[in-house]
Amino acid sequence: MLDWRATEHSAALITSAVAGVPADRLNPAQLAQAWPSITDTLHRLHSLPASTCPFSRTLDEMMGLARATVAENRVHAEFLPQHLINTPPTVILDGLERDLPLRREQEAADTVVCHGDFCLPNILINSDTSLVAGIIDLGRLGHADPYADIALLLANARETWPDEDTARQADHDFASQYGITLDPERLDFYLRLDPLTW
516 MLDWRATEHS AALITSAVAG VPADRLNPAQ LAQAWPSITD TLHRLHSLPA STCPFSRTLD
576 EMMGLARATV AENRVHAEFL PQHLINTPPT VILDGLERDL PLRREQEAAD TVVCHGDFCL
636 PNILINSDTS LVAGIIDLGR LGHADPYADI ALLLANARET WPDEDTARQA DHDFASQYGI
696 TLDPERLDFY LRLDPLTW
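Put into structure tokens, the structure is as follows:
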């Protein structure tokens, strides 16, 4: 963003283009080259002081969106994990409600500045250096559980990795560089929640 201008009759947001190739257009070898920079970029975003972030996308807010989306029958089935495509959204929501107390505790103990949609199309890569050139689509940015971003990134990258062994190694490399032990149940929770919030 370069500038914001408002008059009595209109408003304009002035932006510039970010050079780079969306990471979902990379082949597996190219994504593997960029993976350390992608991991570092997310870690640096999550290291920003959450208390100074003016935007919020807390679990309670996201659950409110999920409840409304399900109640209004607006769930996009294509956003769901493959194994949940034929599961009624009300059943998915019920499972999230059961898990909510634990996930609230985890969020309270570990709140960061989240991108909100940290998937490969929103990560631009410099094709000469394999480094992240920028991130786009920040409309869902706000303080939240880091797993809201981590789950989307790892799941979305599986669409590029050639097989499950490669995906598991990428998950391991991500966790090692980021400095965490991945919690599969926490990842699963956010992969079930995200599709209900659009």
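Position one of the sequence shown corresponds to residue 516 (the numbering used here), numbered consecutively onward. Backbone N, C-alpha and C define an ideal beta-carbon position, used for all residues, glycine too. If you're wondering where the values come from, they're calculated on a predicted model, not measured in any experiment.
Cut-off 7 Å between Cβ atoms - residues of its own chain near residue i, not counting five sequence neighbours on either side
i, result
"A648", "V533, A534, G535, L639, I640 and N641"
"P569", "none"
"I553", "A538, I638 and V647"
Alpha-carbon spacing of residue i relative to residue j, whole angstroms
i, j, result
"H591", "L667", "16 Å"
"V606", "T567", "36 Å"
"G694", "I650", "22 Å"
"W461", "D632", "Past the edges of the chain, shown from 516 to 713, lies residue 461, and the structure says nothing about it."
"M578", "L653", "20 Å"
"A690", "P710", "24 Å"
"V573", "A663", "For clarity, residue 573 is Thr in the given sequence; the question names Val instead. Between T573 and A663, the C-alpha separation is close to 10 Å."
"L546", "S645", "8 Å"
"L560", "T696", "19 Å"
Supposed close pair residue i, residue j - CB separation, criterion 8 Å
i, j, result
"S571", "H630", "Not quite, the Cβ-Cβ distance comes to about 14 Å (not below 8 Å), so this is no contact."
"L611", "R707", "6 Å"
"E531", "L517", "A small correction: the amino acid at residue 531 is Ser; Glu does not occupy that position in the sequence shown. So it is a contact: roughly 6 Å between Cβ atoms."
"P661", "D625", "6 Å"
Own chain residues within Cβ distance below 6 Å of residue i, not counting five before or after
i, result
"F704", "D614 and R618"
"L669", "D686"
"R589", "none"
Residues near residue i by beta carbon distance below 8 Å, same chain, minus five either side
i, result
"D539", "C634, L635, P636, N671, E674 and T675"
"A526", "W519 and R520"
"E622", "T573, L574, A659 and D660"
"T556", "I638, V647 and I650"
Strand pairing of residue i, partner residues [DSSP]
i, result
"H658", "S571 and V628"
"A521", "A526"
"L646", "N641"
"P537", "L639"
Runs of alpha helix (DSSP H) wholly within the region 661-689 (minimum 4 residues, chain order) = 662-672
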